[in-house]
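*Asks:* A single structure is presented below for examination.
Chains as they are written, first to last, in my numbering: chain A, 614 to 973; chain B, 614 to 973; chain C, 614 to 973; chain D, 614 to 973.
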């Protein structure tokens, strides 16, 4: 089932890049939740292309239309659905080269999976455009969390080999810095590093090439006790959703891969009783999760985003109709780097994953 | 739902470390599959403790008993269940210190989640011991795959800061090397490095400390077209299961986090037609998966295993009954490093994740 | 989860009677299946109101728009979604009497369930109108089955106390009679009885009252071996879906309740080898299902449809805002009997339930 | 998936009649619930054979052993599993006649489904014996409901053509009568009728034949608002589980099939405000459910149980190995009527179905 996920909250996404519409059905939202349309629109804008020289000049306004589950400004408790009409598509661009497999894309695997019946135009159902309904659904969840004091925020930890000046403090990442980051189109902890990252993006753009990066995300003010051991661990839920997002190739929590270089005596997060009589840990190498369950410390994770596969350089490939080697130059308007646009997507699916595990 | 996973193949695991038994129900296996009991026993032995100075001296024979779904040496197609009785438990060890939260363990989060009603002895349901039924289930799946030519194998890529001599060749990792690795208790590509890793484990053991590592796993001979875009991507399925395994803190596919430092022109895996008229890629930076679907190249992933939280060094903690700061020295027989024992667990859940997505 | 169902085929329905649109997402359809739009439209017309003096004069054209999963006339294998815009709604009719609980409707239970936030207009999400997307989805499934020779057909077994002249022959119901029934707006086995039924509907209509009935459905040419014991039994799947349809109050298979008056020696369907060397049963009291699995004989079931709750007679009720007893006269255009319009709905969900259990 | 059901509470059942053990895993029970072992044992005894001349003389003590999820007399919140060892099996009885398809049983369909690999002895996984773990799981749920004042009780409404003296009063069925019924081995509302039913069972027993019946069940004191429209309707949940129970051929709610003979003005349950200021209905023809959701009135349903297929009379059948017509006389110890033993099973699955939909 490619398009259905969840248990307490169930998502069903659908659509192709150049079809009539893309959309999502969200089942299981509580009734009476005020929907902040401006909040959703803002999250959609963070994801939408066309807003900066760093991204594709394609304009996709991503205007959503809520079809159901919404009445008098609030959720009804019945399935909430929304669609985004596809406009401004250049389908002709794709027809000519439909049989040339674009490296790094799902053209080949999609063709095999669907025996060639899938809509190939613009990547079809595999398009990054399908993250728009994810952001729609996620921004509703994110706002519900926010209204309970639970914030999700991210910074771009690296673009290519250029790193942000610092990482989130695993123990004390706070509300103010997350809020500040969420207002930025290019969220970094150190603006000087941010400038260097932007420069490196513009540089690969000039080369007709692309570049990836790492996003570091924090979720703060989660109470202890969310999640389950084994198959409904917080890590399982969030990683499942993150790896559903096109271009994600790695996910780590807390110290992540780095924890393997620590000794147990360094890695273990020792406990103490805080001034407010809460049980806390001095360190947070486990990223706020033990046994799959939150411990009340910030949940921190990092997501590896690969370079955009669409580049204008000539690439070796195969013409699958003719079964022969050939080469391909991808025309069109593409992102030299999707990391900034991936930030709201990562936050959206994290919000969905967390809300699905919570009583709220 | 902590203990139920899957759709085509459904797992239901249960048990506590010091309860009567642990076990698993596997629903959805095809009828008429020969069960190779020796194969399962061998996988169970790879996971079982007590077999080497590198692991805990606790002897857990992990003798499984198949209760259902198995008739005349073959699967029946009805739910296959198995239990492993718990023996040789030192429950008294835990009673004295039940209210002291062991750092790095799920004592605190489990207590919050279950309002203190969970069986805390030996970690209860959170115990690594629950990976035994996972290996039981996974070894059945792994053997089914193997009989179709699909092999899963791993090497220990690092223990602490000591790295194996090389990584799997993403393009050409082969059957022979995977078979060889699966016969080794301490599977590495370079024996000299392996020796150094073992030494570093024995050294932390002497110190009463522990150490983690990274496992690199390959799945070869998968045909193209397995998996789905979005929520049933191969990465989502495998990462979901891997993050269900205690101690896993990071998962990456193909080049993983490293792909973020590559340009699109380097990262994209260009296509060609092989001598056998197959569509292949020159490189395999995407780890055999594009758009969530296999492309026929080896599926490669890496799993970060944290250092065993049980160490004999004194640690700061909290007595949760008395709500006061205190310290804790964990007695008992523990693994200085669980990475070697985690190898068959990682392979088991990978096998389950893959079989769940396949027609077989 | 009110709106999501299935495993191999997953449905997600959404919408309210007076909202923007109603719709459905179908996940899991195979790629390359030709969609016969005329077939779907015909099934939609069978359900749509306004076509006969027996039903409501409301005209709902139920023009569906396919948004995704459909390309070049065929399914793509990705989620297929469709919406039906709501037009010709008389929302004002409902506002005045929003706090008066209509007897037999879900006004009260919906209000409690959704804490009063649900869209009450025209029954909102509880409206029989939501069966339109079910028929859309079901007609696709029904056509897939039909193309494999599996036919689903029904006759109206009774309207009130007026019975059809005969029942389906459990053993030998055949293709020709099912085809004939599917072309009839008022499908009965005996036209004289059909006339009497129509008269009884017109009579209650005159009285401002309504009437129910029983639908008998047959599925023929299913091969043996479809379904599972216990939780995925054919009966469980079909009854689950039938009881999801508003107004259904009873479901029985084969001889149904009547089998309780038979002795084992009468009820047991004895086996024989047919001329074509098939294993068949002389009788079919079990309705083609044993142990939850089809045996190759026709699957027969009966569905009890209650009288339309909307009647124009004055009824006692409660004003829930004022918490006081009152009475209610429902204005508007209602069906004196929904049984004829329920026929395609029953067939649609049966088709979905069967296809969900099959390899096709 | 034959053996897994549920969402908030998930059941996984397993086992064969003549295998090592049968059992169940229940995932999702809240922690800290006291388990009343005597209560469970009593429910198990109600289902167990051998206790009356009306049932089979086979003694199956059905002694369950809880393996996990249970600590210090309470649920832990982790998966609760239990097994029942199979003893006193006469497997040899079945080997001789393994290829003769017993009419009314799942021998043929199971064989087709599982390609002949299923354990045929005693019906294997299809055996009514698998209802023992259902009763185990259901009795835990039933007790949880009971402790909240929600009672489930049944009477045998008919055996063959012999009816109980009356039916449950749909509006006012009460606690006292349900309690009284639950203490009876042959629960009826009218003892004189009960005696006649017993006589009719003994009579068919003498004839080597069997007989079925109808069970009427009431669930009282449910608050309004439980269940969902469409796919998680109360009717869908309960009927799904009831039709999972072997021998069930019909299910109806409230007036059930009889409601089809009523006019809307008779069938609609009119509202009033009760003395205790509750919204109630004068009648309860809808059986306490509207739009799939409870309205606070008693939930009433009836279940049709077919005559036991095992009879000692000679029956025509097929030898499936030899593909030839033959006849069969079933030896062994069988129930002339399973209706009394089905009562606790029906109540068990109803309890599971309801608890799965509730907050508790």
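Glycine included, every Cβ here is placed at the ideal spot set by N, Cα and C. No experiment lies behind these values; they were computed from the predicted model shown.
#1: Between residue 747/B and chain D, is there a C-beta pair that is closer than 9 Å?
#2: Under 9 Å, CB to CB, which of the residues in the region 854-877 of chain B have a partner in chain A?
#3: Fully enclosed by the region 673-698 of chain A, which beta strand (DSSP E) runs are 3 residues long or longer?
#4: How do the region 707-718 of chain C and the region 632-647 of chain A stand: do at least 3 beta-carbon pairs fall below 8 Å, yes or no?
#5: Are the beta-carbon atoms belonging to residue 717/A and residue 903/B less than 9 Å from one another?
#6: Closer than 8 Å by beta-carbon distance: list the chain A residues that pair up with residue 811/C, in chain order.
#7: State the beta-bridge partners of residue 931/C as determined by DSSP.
#8: Which two residues bound the contiguous beta strand (DSSP E) that contains residue 625/A?
#9: Going by DSSP in three states, residue 653/A sits in which element: helix, strand or coil?
#10: With respect to the beta strand (DSSP E) encompassing residue 771/A, which residues constitute its N-terminal and C-terminal limits?
#11: Going by C-alpha to C-alpha distance, which of 853/D, 916/D and 742/D sits closest to residue 771/D?
#12: Could you check where the beta strand (DSSP E) with residue 914/C kicks off and where it finishes?
#13: With 9 Å set as the bound, which would you pick, yes or no: does the beta-carbon of residue 615/D sit closer than that to a beta-carbon of chain C?
#14: In the DSSP assignment, what residue or residues form a beta bridge with residue 639/B?
#15: Closer than 8 Å is the cut-off here; do at least three beta carbon pairs connect the region 945-952 of chain B with the region 815-830 of chain B?
#16: Let me see if you follow: with CB-CB separation under 9 Å, is residue 790/D close to chain B or not?
#17: I'd like the ranges of any alpha helix (DSSP H) spanning at least 4 consecutive residues and lying wholly in the region 773-841 of chain D.
#18: Do residue 616/B and residue 692/D have their beta-carbon atoms positioned less than 9 Å apart in this structure?
#19: Is the shortest distance between the beta-carbon of residue 890/A and the beta-carbons of chain B less than 9 Å?
#20: Go to residue 972/B, then tell me how far its alpha helix (DSSP H) extends in each direction, as first and last residue.
#21: Applying a beta-carbon distance threshold of less than 7 Å, which residues of chain D neighbour residue 926/C?
#22: Do you know offhand how far residue 863/C's Cα is from residue 872/D's?
#23: For residue 756/C, which three-state DSSP category applies?
#24: Can you list the alpha helix (DSSP H) stretches of 4 or more residues lying completely in the region 850-920 of chain C, in chain order?
#25: Residues in its own chain within less than 7 Å of residue 761/C by CB, not counting five upstream and five downstream?
#26: Classify residue 728/C: buried if its beta carbon has 16 or more other beta carbons within 10 angstroms, exposed otherwise.
#27: Is there contact here, the region 925-933 of chain B with the region 838-854 of chain B, by at least three beta-carbon pairs under 8 Å?
#28: At least one CB of chain D closer than 9 Å to the CB of residue 725/C: is that the case?
#29: Who are residue 713/B's beta bridge partners in DSSP?
#30: Taking residue 749/A and residue 851/A to be in contact with their CB atoms under 8 Å, please state how far apart those CB atoms are, rounded to whole angstroms.
#31: Where residue 576/B and residue 856/B are concerned, what is the direct C-alpha to C-alpha distance, given to the nearest angstrom?
#32: Can you find a C-beta in chain A that's less than 9 Å from the C-beta of residue 899/D?
#33: Which whole-angstrom value describes the C-beta separation of residue 953/D and residue 798/D, a residue pair presumed to lie in contact below a C-beta threshold of 8 Å?
#34: Span of the alpha helix (DSSP H) holding residue 724/B?
#35: Taking residue 647/B as the query, report the chain A residues whose CB atoms sit under 7 Å from its CB, ordered along the chain.
*Replies:* Short version:
#1: For the purposes of this step, residue 747/B is taken as residue 134 along the second chain, with counting starting at 1. No, its Cβ sits nowhere closer than 9 Å to a Cβ of chain D.
#2: 854, 855, 856, 857, 858, 859, 861, 862, 863, 864, 865, 866, 867, 868, 869, 870, 871, 872, 873, 874, 875, 876 and 877
#3: 677-681 and 693-698
#4: no
#5: Within the first chain, residue 717/A is the residue found at index 104, counting from 1. Within the second chain, residue 903/B is the residue found at index 290, counting from 1. Contact: yes.
#6: The residue labelled residue 811/C in the question sits at position 198 within the third chain. Within 8 Å Cβ-Cβ: nothing; residue 811/C doesn't reach chain A, min ~35 Å.
#7: The sequence position of residue 931/C within the third chain is 318, counting from 1. Its beta-bridge partners are 938/C.
#8: The residue given as residue 625/A occupies position 12 in the first chain. Its beta strand (DSSP E) spans residues 623-628.
#9: One-based indexing of the first chain puts residue 653/A at position 40. Three-state result, residue 653/A: helix.
#10: Taking the first chain and counting its residues from 1, the one referred to as residue 771/A is at position 158. From DSSP, the beta strand (DSSP E) with residue 771/A extends over 764-772.
#11: For the purposes of this step, residue 771/D is identified with residue 158 of the fourth chain, where counting begins at 1. Among 853/D, 916/D and 742/D, the Cα nearest to that of residue 771/D is on 916/D.
#12: Mapped onto the third chain, residue 914/C falls at position 301. It spans 912-918 - the beta strand (DSSP E) in which residue 914/C sits, taken as one unbroken run.
#13: Reading the fourth chain from its first residue, position 2 is the one you call residue 615/D. Taking Cβ atoms only, chain C reaches closer than 9 Å to residue 615/D, which makes this a yes.
#14: Locating residue 639/B in the second chain gives position 26, where the first residue counts as 1. Note: residue 639/B sits in a beta bridge opposite 624/B and 693/B.
#15: yes
#16: Along the fourth chain, read from residue 1 onward, the residue named residue 790/D stands at position 177. So no, residue 790/D is outside the interface.
#17: 788-795 and 804-819
#18: As a first step, residue 692/D is located in the fourth chain; it is residue number 79 there, counting from the start. As a first step, residue 616/B is located in the second chain; it is residue number 3 there, counting from the start. Yes.
#19: In the first chain, the residue the question calls residue 890/A occupies position 277. True, the Cβ-Cβ gap to chain B drops below 9 Å.
#20: Counted from its first residue, the second chain places residue 972/B at position 359. Residue 972/B -> no alpha helix (DSSP H), and no H or E assigned at all.
#21: In the third chain, residue 926/C corresponds to position 313, counting from 1. 878, listed in chain order.
#22: The residue you call residue 863/C lines up with position 250 of the third chain. The residue you call residue 872/D lines up with position 259 of the fourth chain. Near 9 Å, if we compare the C-alpha coordinates of residue 872/D and residue 863/C.
#23: Along the third chain, read from residue 1 onward, the residue named residue 756/C stands at position 143. Of the three classes helix, strand and coil, the one that applies to residue 756/C here is helix, per DSSP.
#24: 877-880
#25: The residue labelled residue 761/C in the question sits at position 148 within the third chain. Cβ neighbours of residue 761/C beyond the five flanking positions: 973.
#26: Numbered from its first residue, the third chain carries residue 728/C at position 115. It is exposed - the Cβ of residue 728/C has fewer than 16 other Cβ atoms within 10 Å.
#27: no
#28: Here residue 725/C refers to the residue found at position 112 of the third chain. So yes, residue 725/C belongs to the interface.
#29: Here the question's residue 713/B lines up with position 100 in the second chain. BP columns for residue 713/B point to 932/B.
#30: Here residue 749/A refers to the residue found at position 136 when the first chain is read from its first residue. Here residue 851/A refers to the residue found at position 238 when the first chain is read from its first residue. Between residue 851/A and residue 749/A the Cβ distance is about 19 Å, and since that is not below 8 Å, they are no contact.
#31: Residue 576/B is absent from the model: chain B starts at 614 and stops at 973.
#32: In the fourth chain, residue 899/D corresponds to position 286, counting from 1. No, no contact with chain A.
#33: Taking the fourth chain and counting its residues from 1, one reaches residue 953/D at position 340. Taking the fourth chain and counting its residues from 1, one reaches residue 798/D at position 185. Their Cβ separation, rounded to whole angstroms, is 7 Å, which keeps residue 953/D and residue 798/D in contact under 8 Å.
#34: The count along the second chain starts at 1 and reaches residue 724/B at position 111. 720-726 is the span of the alpha helix (DSSP H), which, as asked, contains residue 724/B.
#35: Residue numbering aside, residue 647/B sits at position 34 when the second chain is read from its first letter. By Cβ distance, chain A contributes nothing, its closest Cβ being about 28 Å from residue 647/B, past 7 Å.
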